[in-house]
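K.L.:
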Amino acid sequence: MNIPEVQHPVVLFDGVCNLCSGSARFIINRDPSGIFRFAPLQSETGKMLVSKFDLPDDKPDSIILVENSEYYLKSTAVLRILQRLGSLWQLLYIFILVPTPVRDYFYDIVARNRYKLYRSRAHSEIESKDFKSRFLE
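The sequence shown maps to residues 1463 to 1599 in this note's numbering.
(1) Below 8 Å CB to CB, which residues in the same chain sit around Phe-1498 once its five sequence neighbours on both sides are set aside?
(2) Taking only three categories from DSSP, how would you classify Val-1560?
(3) What are the partner residues of Arg-1499, as DSSP defines its beta bridges?
(4) Is the Cβ-Cβ distance between Ala-1573 and Ser-1524 less than 8 Å?
(5) Just checking my contact of Gln-1504 with Val-1478 at CB under 8 Å: how many whole Å lie between their CB atoms?
(6) Which term fits Phe-1568, buried or exposed, when burial requires 16 or more other beta carbons within 10 angstroms of its beta carbon?
(7) Counting only runs of 4+ residues fully inside the region 1501-1548, write out the alpha helix (DSSP H) ranges in chain order.
(8) Can a CB atom of chain D be found closer than 8 Å to the CB of Phe-1475?
(9) Applying the criterion that 16 or more other CB atoms from any shown protein chain within 10 Å of the CB defines a buried residue, is Asp-1476 buried or exposed?
(10) According to DSSP, Phe-1597 sits in a beta bridge with which residue or residues?
(11) Would Val-1460 be called buried (16 or more neighbouring beta carbons within 10 Å of its own) or exposed?
(12) May I have the straight-line CA-CA distance separating Leu-1481 from Ile-1558, to the nearest angstrom?
(13) Using a threshold of 8 Å, state whether the C-beta atoms of Phe-1515 and Tyr-1533 are closer than that.
(14) Quick check: the Cα distance between Leu-1554 and Asp-1566, rounded to an integer number of angstroms?
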C-alpha cells in the first residue's frame, strides 16, 4: 500500500455527513494560508491513512487529524485544528484542559446523532475550486 507523504496536517472526515463536510468547509474558509489538507474517510487516501495508523475503519464517527506522523481523534483533533486556525478560534484550545473522556463524551453525543441532525448525502459536495485543491486524491 503506497501511503502518500504529506507536508501539511490532514483532516480526515466522514464524506457522507453534512456536519462533517460543513466542518471541512468551515476550516477551509478560516485557513487562507492553506495549512490543512482534507480527505474523506471513504476515499482511497483516507483508507490508506486509517490503515497506516491502524485505526478502526468500521464506522467513521470521528474527525481525525494526522499531523507530523501522529494522529488525534475526536475533541482533541477539533481543538488542535482550532488552535492552528489562529485568531479567536485558538482561544478555544483552553478546553484541552478538560479531561479527554469528558470532552469526548460530548463529542460522541453529537457524532452519534449527526445523521439525524444534519442528514447524510451520497457523496461529499465540493463547491469551489479552492476546496477541491485542498483535497488529497
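We treat Cβ as the ideally placed atom computed from N, Cα and C, and that holds for glycine. Bear in mind that the values here come from a model prediction, so they are computed numbers and not experimental data.
P.N.:
For this structure:
(1) Within the sequence shown, the letter at position 36 stands for residue 1498. His-1470, Pro-1471, Val-1472, Val-1473, Ile-1489, Ile-1490, Ile-1543, Arg-1546, Arg-1596, listed in sequence order.
(2) As a working note, residue 1560 is residue 98 in the sequence shown. DSSP places Val-1560 in coil when its eight states are reduced to three.
(3) Counting from 1 along the sequence shown, the entry for residue 1499 is found at position 37. Val-1472, per the DSSP bridge assignment.
(4) Here residue 1573 is taken as the residue at index 111 of the sequence shown, counted from 1. Here residue 1524 is taken as the residue at index 62 of the sequence shown, counted from 1. Cβ distance < 8 Å, so Ala-1573 and Ser-1524 count as in contact.
(5) Sequence index remark: in the sequence shown, residue 1504 carries index 42 (1-based). Sequence index remark: in the sequence shown, residue 1478 carries index 16 (1-based). In this structure Gln-1504 is in contact with Val-1478, their Cβ atoms being roughly 7 Å apart against a cut-off of 8 Å.
(6) Taking the sequence shown and counting its residues from 1, one reaches residue 1568 at position 106. Looking at its Cβ environment, which holds fewer than 16 other Cβ atoms inside 10 Å, Phe-1568 is exposed.
(7) The DSSP assignment places complete alpha helix (DSSP H) segments of no fewer than 4 residues inside the region 1501-1548 at 1506-1514, 1536-1547, in order along the chain.
(8) Here there is only one protein chain, and chain D is not present.
(9) Position 14 of the sequence shown, counting from 1, holds the residue named residue 1476. Label assigned to Asp-1476: buried.
(10) By one-based count along the sequence shown, residue 1597 stands at place 135. Per DSSP, the beta bridge partners of Phe-1597 are Phe-1500.
(11) Since the first residue of the chain shown is 1463 and the last is 1599, residue 1460 is not available in this structure.
(12) The residue labelled residue 1481 in the question sits at position 19 within the sequence shown. The residue labelled residue 1558 in the question sits at position 96 within the sequence shown. If you take the alpha carbons of Leu-1481 and Ile-1558, they lie about 22 Å apart.
(13) Translated into the one-based positions of the sequence shown, residue 1515 becomes position 53. Translated into the one-based positions of the sequence shown, residue 1533 becomes position 71. Going by C-beta atoms, Phe-1515 is nearer than 8 Å to Tyr-1533.
(14) As a working note, residue 1554 is residue 92 in the sequence shown. As a working note, residue 1566 is residue 104 in the sequence shown. Cα-Cα distance, rounded: 15 Å.
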